[in-house]
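Below is one structure, written out as structure tokens, with a few remarks after it.
Numbering (the numbering used here), first residue to last: 15 to 758.
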């Protein structure tokens, strides 16, 4: 997601916008905070605004004394506060690497810690504290390096003062200061003295040729704890004396409780109370609060609830898709215009209709949080992707000021966007539970746990879409006309993001990636529909469907033109596509495409796509056995500019590719009947498993340019590359996800 910052009255509101760029260093301000317990050097950071994001602010944000970004303890341990959520993507290692690089720290003594919600931890480009838009490294690359460089200069200044030598004669190596006469001191021994030095106004950052950490494959700091089961995630956390809450939510979104019988539920040992509570989208539900999860869940199962579903729309997928297809035959609101008159006289034509279902995020760790609500404040523990927004929503729900809310960032087991909701749905619900709990005479903190079924049946989804494309190709194989219509829900409609995201009735996330990077005469329009299904960004947002459409249609056009699909793509890429060609060439060269013959029954497929300023090219090898597609190997060409930690990038590509593969597997769809989601667990909602995992080779295009996003770009090109390989094997063009070769 891409976000700007806008003040609406006294409440700051995040707004999604177009491409985000990192803030200029001239807007950065560093502050020196008091030493934390145990002494040491602490550097904090606050950015009041950045570039055009700052221009949207009507008044300066209140500046709070920042928590430490960097703490050097007397024992030489360096703890870096990570201003993001760590939920598997590796920022708890990569961000500390940036500080450690410029600090010349001993990497074996570096630790990462997740920062709570706080103004000083806002993304330098987005203006809010967020983990999203694949922006963690891209946006904080300079920020974190400068923090490390300034801390190093302060340590040098302290040593120069103590040793009475020029600062220029002092060197730093792996957490040690070395003087001209052989003097030595650890960072930890001089941390308190360094704290008293002025923070340098400017610093010179290292030349990439001098990097000792950045660009080097580095094992993750959290790997051992996670692999041994010692890592505490949000769902593991329990506040002292807290009770567990499980909610029976309405089967149809926005429905309400008509009446309920809790007699059997209250009879279960360990159950403390059963209460009616507000839920998302104006609905209501019944919450069971007990001593533990099992009695709470068992009691919920014993509830007898009559639901009032009058007044809420009841979506059925089959009917919805039919309506979308009919609407796609008509022009929508214009997004991009081009002459379509040559369609009628084209030598060859491609006419296609694509269908994409709703998708659940389905992270391994379902939603959860702990809320300790008091009259004068509220403390929350949650794996939040959206700390600034969530902190504000918690405060508003509790009747508090944002500064009265402490939001602790917990390690999370996945999210893919589900933990960054503009409505802060699960956190608002949890605070409402805490309110009715207290109104009933209770005081203990509440731990709200969603089950897998709760998450899949009652969460927010990637929107369902239909695309209609008509393409004209002349006798030379050139695309002379392309008329394209997209139908679907808006992710941002009805949220504070709408004013910046929705233009001419079209949510820009719905159409992002269309036409790019090819120079084609694309006439693009879109219909935005309303539906009583909550929708949200899903890993790589609009590119989840636009990349599939673009890359399968370009592949089809290449075959119609009787050209090699790789050569055809390179022919269509304009001047802006140099990075696309570099990534594609690398993937092709490493895969053996065009040179290495495959075993009988296997075929290559190709796709390339840019999202979040990163280009990913895939060359895949696939087969079909007994009517079932099988992906054997993926070769990735990655252009993300500077690769801070190549091991993290490899993991990101592998995870994203597997998630992209999951979209193609039978059963990978959320469907509704009479307003009720039909799937409820991994038994009937397919996600990719280890048995589906192909060999994935990752190759990175060398670059010293500032890094671009990596969390999401690995997903979009996988499914189209797979589909293109299957076409070579079956002669069938797949127009629908998940794949269904029998009906293609």
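From the three backbone atoms N, C-alpha and C, an ideal C-beta is built for every residue, glycine too.
- For residue 489, the CB contacts under 8 Å within the same chain, skipping 5 residues up- and downstream, are 361 in chain order.
- The shortest C-alpha to C-alpha distance from residue 531 to any of 505, 668, 627, 294 is the one to 627.
- With a cutoff of 8 Å on beta-carbon distance, residue 182 and residue 208 are scored as not near each other.
- No residue range can be given for residue 232, since it is assigned to no beta strand (DSSP E) and is classified by DSSP as neither H nor E.
- With the rule of 3 Cβ pairs closer than 8 Å, the segment 681 to 692 does not count as touching the segment 654 to 665.
- Here the alpha carbons of residue 385 and residue 536 stand approximately 50 Å from one another.
- Using a 10 angstroms sphere on the CB of residue 308, the tally of other CB atoms stays under 16, which defines it as exposed.
- Cβ-Cβ separation between residue 734 and residue 677: approximately 10 Å, too far for a contact (criterion under 8 Å).
- Here the alpha carbon of residue 671 sits roughly 19 Å from the alpha carbon of residue 599.
- In the structure shown, the three-state DSSP call for residue 372 is strand.
- Under DSSP, residue 383 shares a beta bridge with 396, 462.
- Counting the other CB atoms within 10 Å of its CB gives residue 566 a total of 16 or more, which places it among the buried residues.
- Secondary structure in the segment 596 to 637: the beta strand (DSSP E) runs of 3 residues or longer, each lying completely within the stretch, are 616 to 625 in chain order.
- Its chain contains 391 as the residues whose beta carbon lies nearer than 6 Å to that of residue 418, once the 5 sequence neighbours on both sides are disregarded; these appear in chain order.
- Counting C-beta pairs closer than 8 Å gives three or more between the segment 266 to 277 and the segment 308 to 323, which meets the contact rule.
- The beta carbon of residue 520 lies closer than 7 Å to those of 347, 349, 540, 542 in the same chain, with the five residues before and after it left out.
- Counting of Cβ neighbours within 10 angstroms places residue 495 among the buried residues, the total reaching 16 or more.
- Pairing residue 116 with residue 166, the inter-Cα distance amounts to about 7 Å.
- Looking at the DSSP output, residue 289 shares a beta bridge with 301.
- The continuous beta strand (DSSP E) containing residue 498 extends over residues 493 to 503.
- Under DSSP, residue 643 forms a beta bridge with 638.
- In this structure, the straight-line span from the alpha carbon of residue 570 to that of residue 709 is close to 26 Å.
- Note on geometry: alpha-carbon atoms of residue 404 and residue 351 lie some 39 Å from one another.
- Using a Cβ distance threshold of 8 Å, residue 447 and residue 259 count as a contacting pair.
- Of the candidates 283, 299, 282, 299 places its Cα closest to the Cα of residue 290.
- Selection 487, 702, 551 evaluated against residue 506 yields 551 as nearest (Cα-Cα).
- With a cut-off of 8 Å on Cβ pairs, the segment 696 to 706 is not in contact with the segment 144 to 153, counting fewer than three such pairs.
- Collapsing the DSSP output to three states places residue 421 in a strand.
- Taking C-beta separations shorter than 6 Å and ignoring five residues to either side along the sequence, the partners of residue 653 in its chain run 593, 596, 597, 629, 715, following chain order.
- For residue 645 and residue 746, the gap between their C-alpha atoms comes out near 17 Å.
- Taking 8 Å as the upper bound for CB-CB distance, residue 696 and residue 426 are not in contact here, some 19 Å apart.
- Residue 673 counts as buried, since no fewer than 16 other beta carbons sit within 10 angstroms of its beta carbon.
- Taking residue 110 as the centre and dropping the five residues before and after it, the same chain places the C-beta of 94, 124, 126 closer than 6 Å to its C-beta, in chain order.
- Remark: C-beta atoms of residue 454 and residue 287 approach each other more closely than 8 Å.
- Comparing alpha-carbon positions, the option among 159, 434, 482 lying closest to residue 475 turns out to be 434.
- Exposed is the label assigned to residue 238, since fewer than 16 other Cβ atoms lie within 10 Å of its Cβ.
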